[in-house]
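Numbering (this note's numbering), first residue to last: 771 to 862.
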Amino acid sequence: MSPSEFIARKPEFRNAPVELIQAKLDQASRFCHPDTWGDLRDDGVAEYASDLLAGTPEGKDLRLIDKQSGKTVYTLRYEELRGIVGIGGLLV
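Given below as structure tokens:
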């Protein structure tokens, strides 16, 4: 996934530096192996990269925290997708 594809999915990160987006996409890609994630890989990479970006100073205004779980909405969606692809209890 390219930074422009990511921004098309997650326009809330359009003001983040492209280099930072690419770095977080690269990092997230390592957690979403194509053989495991299949057609949901881009979704998983986007959610995980969003969570990583939300943890940066540039993403501080985008830290949408679920009050019940204390996790970001991006983490919750990543975990949901991870369950769908059958990874289950992998710690992130």
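Just so it is clear, CB atoms sit at the ideal spot from N, CA and C, and this is done for glycine as well.
Anyone know if the C-beta pair for residue i and residue j falls short of 8 Å?
{"i": "residue 842", "j": "residue 821", "result": "yes"}
{"i": "residue 773", "j": "residue 791", "result": "yes"}
Which residues in the same chain have their Cβ closer than 7 Å to the Cβ of residue i, if we skip the five residues on either side of it in sequence?
{"i": "residue 794", "result": "819, 822 and 823"}
{"i": "residue 782", "result": "832"}
{"i": "residue 848", "result": "814, 817, 818 and 821"}
{"i": "residue 834", "result": "842 and 843"}
{"i": "residue 836", "result": "843 and 846"}
Using DSSP bridges, identify the partner residues of residue i.
{"i": "residue 842", "result": "835"}
Would you mind sorting residue i into buried or exposed? The rule is 16 or more other CB atoms within 10 Å of its CB.
{"i": "residue 787", "result": "exposed"}
{"i": "residue 808", "result": "exposed"}
{"i": "residue 798", "result": "buried"}
What does a CB cutoff of less than 6 Å around residue i pick up in its chain, not counting 5 residues either side in sequence?
{"i": "residue 852", "result": "none"}
{"i": "residue 810", "result": "851 and 855"}
{"i": "residue 825", "result": "none"}
Quiz item: For the region 776–828, which segments carrying the beta strand (DSSP E) assignment without a break, of at least 3 residues, lie completely within its bounds, in sequence order?
Solution: Complete beta strand (DSSP E) runs here, min 3: none at all.
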